[in-house]
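A.B. asks: Got a structure for you, written out below as structure tokens; questions coming shortly.
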DNA sequence: AAAATAAGGGAAAAATTATTCCCTGCGGGA
DNA sequence: TCCCGCAGGGAATAATTTTTCCCTTATTTT
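Protein chains in written order, with UniProt numbering: chain C, 1 to 117; chain G, 1 to 117.
Below, the structure is given as structure tokens:
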């Protein structure tokens, strides 16, 4: 893991949530898993704009924070599945709300941004 | 403005919201303004962990997205106030939910992280 | 005259995150 | 045998974001 130089302030709830949801693909990954996309290769296909390596790394972080847990089915071909933990489940409404706000306000944001020539 | 090299995908609502809330201090700024901290220098004091320059920049972005609007009161000393726009108001429940989830789950996250030695 | 307050920006450096490239190991099919 | 798909990691690089440093303008206070 990368060792931070600037200490993070976890007093603020916003920072805690952002630690979990802030990565470029973390919310998408949680959303996908909640919809039943559990296997790494399926996630790579589902979130094709992200490089597989990136998804792996963010999965590892989500696992570290106890948002998902990884089940390894030994045997061959090796099978791995990720599941949401109760804490992971508990953040889904937030992810849904974030997605919803974004969809509702996308046009506004895009328009504003284009307005600056 | 910095010119992105990797295009952003605003199809996904999550990305739209993160554009607005993703900066390290944007949610804090929106929260502060909603609580009546309107003047730049007050914001600098209220969010003292952030360098003033950073707050200025994030304010400018929030203004670009139409989340806040800036009122300049000419005269001396010059007075500036930021207000939430209706769109800015509409994201407050989301900011509150993000803060709340973080506060509720802070201990869990911290514990998990410390558990990796 | 010097310093403080108000608002803010340019440029560069530092920090952080994301991405790419390539490698491992296992077993199955052509 | 060679290549494919599975799961995943190391190292380096690129991209992005945050921070620091210092400068500007105008008025008021000491």
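Built from N, CA and C at the ideal position, the CB exists for glycine as well.
This one's a predicted model, so the numbers in the text were calculated from it and none came from an experiment.
Taking 6 Å as the limit between beta carbons, can you name the residues of its chain near residue 92 of chain G, skipping five residues before and five after?
C.D. replies: Here the question's residue 92 of chain G lines up with position 92 in the second chain. The answer, listed in chain order, is 34.
A.B. asks: For residue 15 of chain G, does the count of other Cβ atoms within 10 angstroms reach 16, so buried, or fall short, so exposed?
C.D. replies: As a first step, residue 15 of chain G must be located in the second chain, where it is residue number 15. So residue 15 of chain G counts as buried.
A.B. asks: From this set, G:9, G:48, G:58 and G:28, which residue's C-alpha is nearest residue 97 of chain G's C-alpha?
C.D. replies: Position 97 of the second chain, counted from the start, is the residue given in the question as residue 97 of chain G. Nearest option by C-alpha distance: G:28.
A.B. asks: For the UniProt domain "HTH hxlR-type" (12-110) of chain C, list the beta strand (DSSP E) runs that are entirely contained and at least 3 residues long, ordered along the chain.
C.D. replies: Fully enclosed beta strand (DSSP E) runs of 3 or longer: 68-73 and 79-84.
A.B. asks: To the nearest angstrom, how far is it from the Cα of residue 25 of chain G to the Cα of residue 55 of chain G?
C.D. replies: Counting from one through the second chain, the residue named residue 25 of chain G turns up at place 25. Counting from one through the second chain, the residue named residue 55 of chain G turns up at place 55. So the alpha carbons of these two residues sit roughly 7 Å apart.
A.B. asks: Chain C partners of residue 56 of chain G, CB-CB under 7 Å?
C.D. replies: Here residue 56 of chain G is taken as the residue at index 56 of the second chain, counted from 1. The contacting residues do not exist; residue 56 of chain G stays about 17 Å from chain C at best.
A.B. asks: How many whole angstroms separate the CB atoms of residue 82 of chain G and residue 112 of chain C, which I take to be in contact at a CB cut-off of 8 Å?
C.D. replies: Along the second chain, one-based indexing puts residue 82 of chain G at 82. Along the first chain, one-based indexing puts residue 112 of chain C at 112. Actually they do not touch by this definition, with Cβ atoms about 16 Å apart.
A.B. asks: Among C:102, C:61 and C:68, which residue has its Cα nearest to the Cα of residue 130 of chain C?
C.D. replies: In the structure as shown, chain C begins at 1 and stops at 117. Residue 130 of chain C is therefore absent and cannot be evaluated.
A.B. asks: Are the Cβ atoms of residue 63 of chain G and residue 70 of chain G separated by less than 7 Å?
C.D. replies: Here the question's residue 63 of chain G lines up with position 63 in the second chain. Here the question's residue 70 of chain G lines up with position 70 in the second chain. Going by C-beta atoms, residue 63 of chain G is nearer than 7 Å to residue 70 of chain G.
A.B. asks: Would you say residue 37 of chain C reaches chain G, if we count a Cβ-Cβ gap shorter than 7 Å as a contact?
C.D. replies: Numbered from its first residue, the first chain carries residue 37 of chain C at position 37. Judged by the 7 Å Cβ criterion, residue 37 of chain C is not in contact with chain G.
A.B. asks: Less than 7 Å separating the beta-carbons of residue 102 of chain G and residue 22 of chain C?
C.D. replies: Here residue 102 of chain G corresponds to residue number 102 of the second chain, with the count starting at 1. Here residue 22 of chain C corresponds to residue number 22 of the first chain, with the count starting at 1. No.
A.B. asks: Which residues in the same chain have their Cβ closer than 6 Å to the Cβ of residue 30 of chain C, if we skip the five residues on either side of it in sequence?
C.D. replies: Counting from one through the first chain, the residue named residue 30 of chain C turns up at place 30. The answer, listed in chain order, is 95.
A.B. asks: Step through the CB atoms of chain C and report whether any lies within less than 7 Å of the CB of residue 44 of chain G.
C.D. replies: In the second chain, residue 44 of chain G corresponds to position 44, counting from 1. So, not an interface residue.
A.B. asks: If you reduce the DSSP assignment to three classes, tell me which class residue 115 of chain C lands in.
C.D. replies: Here residue 115 of chain C is taken as the residue at index 115 of the first chain, counted from 1. Coil at residue 115 of chain C, not helix or strand.
A.B. asks: Less than 7 Å separating the beta-carbons of residue 85 of chain C and residue 108 of chain G?
C.D. replies: Translated into the one-based positions of the first chain, residue 85 of chain C becomes position 85. Translated into the one-based positions of the second chain, residue 108 of chain G becomes position 108. It is not a contact, given that the beta carbons lie outside the stated cut-off.
A.B. asks: By a C-beta neighbour count over all protein chains shown, 10 Å radius and 16 as the cutoff for buried, is residue 129 of chain G buried or exposed?
C.D. replies: Here chain G comprises residues numbered 1 to 117, so residue 129 of chain G is not present and cannot be evaluated.
A.B. asks: Rounded to whole angstroms, what's the CA-CA distance from residue 18 of chain C to residue 3 of chain C? Just pull it up for me.
C.D. replies: Locating residue 18 of chain C in the first chain gives position 18, counting from the first residue. Locating residue 3 of chain C in the first chain gives position 3, counting from the first residue. Rounded to whole angstroms, residue 18 of chain C to residue 3 of chain C spans 18 Å at the Cα level.
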